[in-house]
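Peer 1: Residue numbers (this note's numbering): 12 to 124. Before I ask anything, here is the structure I am working with.
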């Protein structure tokens, strides 16, 4: 079975397709707030899924990391306006120290093709 790497770099690829599954690297966004970063990161999820030949209706699982769980509601407001309501994925959200203090939210996605 072939492996296709999308936007490969020295440390990681933006996405990897194996068989009928696409794995996205954790996506962080730009902006000062969780709302801004969530919107930006989910736009990147859309872009990478499209590059792989998929879309958000085919997401199987999403792992969401927040630097502060007190922003859970703020992130959920963006998520609920973005996610396909007829095809919601399995999802988990947890608090974690992210790569830099500027990052407030990170989305890791696995989707079908």
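Note that the Cβ used here is the ideal one computed from N, Cα and C, for glycine as well. Quantities reported herein were computed from a predicted structural model and do not represent experimental measurements.
Less than 8 Å between the beta carbons of residue 63 and residue 124, yes or no?
Peer 2: In this structure, residue 124 lies closer than 8 Å to residue 63 by Cβ.
Peer 1: Taking buried to mean at least 16 other C-beta atoms within 10 Å of its own C-beta, is residue 26 buried or exposed?
Peer 2: That one is buried.
Peer 1: Exposed or buried, residue 126, counting other C-beta atoms within 10 Å across all chains shown (16 or more means buried)?
Peer 2: What is shown of the chain runs 12 to 124, which leaves residue 126 out entirely.
Peer 1: If you run the structure through DSSP and keep just helix, strand and coil, what is residue 39?
Peer 2: Three-state DSSP puts residue 39 in coil, outside helix and strand.
Peer 1: Considering just the uninterrupted stretch of the alpha helix (DSSP H) at residue 92, what are its terminal residues?
Peer 2: Residue 92 -> alpha helix (DSSP H) spans 83 to 93.
Peer 1: Tell me where the beta strand (DSSP E) around residue 122 begins and ends.
Peer 2: Element bounds for residue 122: 116 to 123.
Peer 1: Check whether the segment 102 to 111 and the segment 44 to 55 are in contact - that is, three or more C-beta pairs closer than 8 Å.
Peer 2: With the cut-off at 8 Å, the segment 102 to 111 and the segment 44 to 55 do not touch.
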